[in-house]
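6 is the number of the first residue of the sequence shown in the working numbering; add one for each residue after it. Here the structure is laid out as structure tokens; the discussion comes afterwards.
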Amino acid sequence: MDGQPSSKGDSMEIKIGVRSVHRELVVESDLTAEQVEQELGKALSADRGIFAITDVKGRRILVPMASLGFIEIGEEEARPVGFGGTL
Numbered sequence: 006m007d008g009q010p011s012s013k014g015d016s017m018e019i020k021i022g023v024r025s026v027h028r029e030l031v032v033e034s035d036l037t038a039e040q041v042e043q044e045l046g047k048a049l050s051a052d053r054g055i056f057a058i059t060d061v062k063g064r065r066i067l068v069p070m071a072s073l074g075f076i077e078i079g080e081e082e083a084r085p086v087g088f089g090g091t092l
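Spelled out as structure tokens, the structure:
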């Protein structure tokens, strides 16, 4: 993916709906909402395009645009630092 991860250490949840699949894909990404939208735009403009995104663990998710139902871009969230995440 051409987009660079956000430098703030934040992550964002992205939900991807695929046609004829009853469950959505949930991806946690280091990209900003604007970067996700740019990648989606590139895929939409390409003939037989493929929407590709990399999650926080480095796994690539590829969805053919012909099968894409929807994309829900969540709010950026700061990652918890430390052990347990309790105060």
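Just so you know, even glycine gets a beta-carbon here, dropped at the ideal spot from N, CA and C.
What separation, rounded to the nearest whole angstrom, lies between the Cα atoms of Lys62 and Val41?
Position 57 of the sequence shown, counted from the start, is the residue given in the question as residue 62. Position 36 of the sequence shown, counted from the start, is the residue given in the question as residue 41. One C-alpha to the other measures close to 17 Å.
Out of Leu73, Val68 and Glu18, state which residue places its alpha-carbon closest to the alpha-carbon of Glu33.
For the purposes of this step, residue 33 is taken as residue 28 along the sequence shown, with counting starting at 1. Per the Cα distances, Glu18.
Could you compute how far the alpha carbon of Ala38 sits from the alpha carbon of Arg53?
On the sequence shown, residue 38 is found 33 positions in, with the first residue counted as 1. On the sequence shown, residue 53 is found 48 positions in, with the first residue counted as 1. Computed Cα separation, rounded: 23 Å.
So, with DSSP's three-state summary, where would you put Val61?
What you label residue 61 is simply residue 56 of the sequence shown in a count that begins at 1. In this structure, Val61 counts as coil in the three-state DSSP scheme.
For Ile78, which option in Ser25, Arg24 and Leu30 has the closest C-alpha, if you only look at C-alpha atoms?
The residue given as residue 78 occupies position 73 in the sequence shown. Nearest of Ser25, Arg24 and Leu30 to Ile78, Cα basis: Leu30.
Which of helix, strand or coil does DSSP assign to Gly74?
Looking up residue 74 in the sequence shown gives position 69. Looking at Gly74 - three-state DSSP - the assignment turns out to be strand.
Name, in chain order, the residues that DSSP records as bridge partners for Ser34.
Translated into positions along the sequence shown, residue 34 becomes position 29. Partner(s): Met17.
On the criterion of 16 or more Cβ atoms from any shown chain inside 10 Å, does Val26 qualify as buried, or is it exposed?
Against the sequence shown, residue 26 aligns to sequence position 21. The residue is exposed, with fewer than 16 neighbouring Cβ atoms inside 10 Å.
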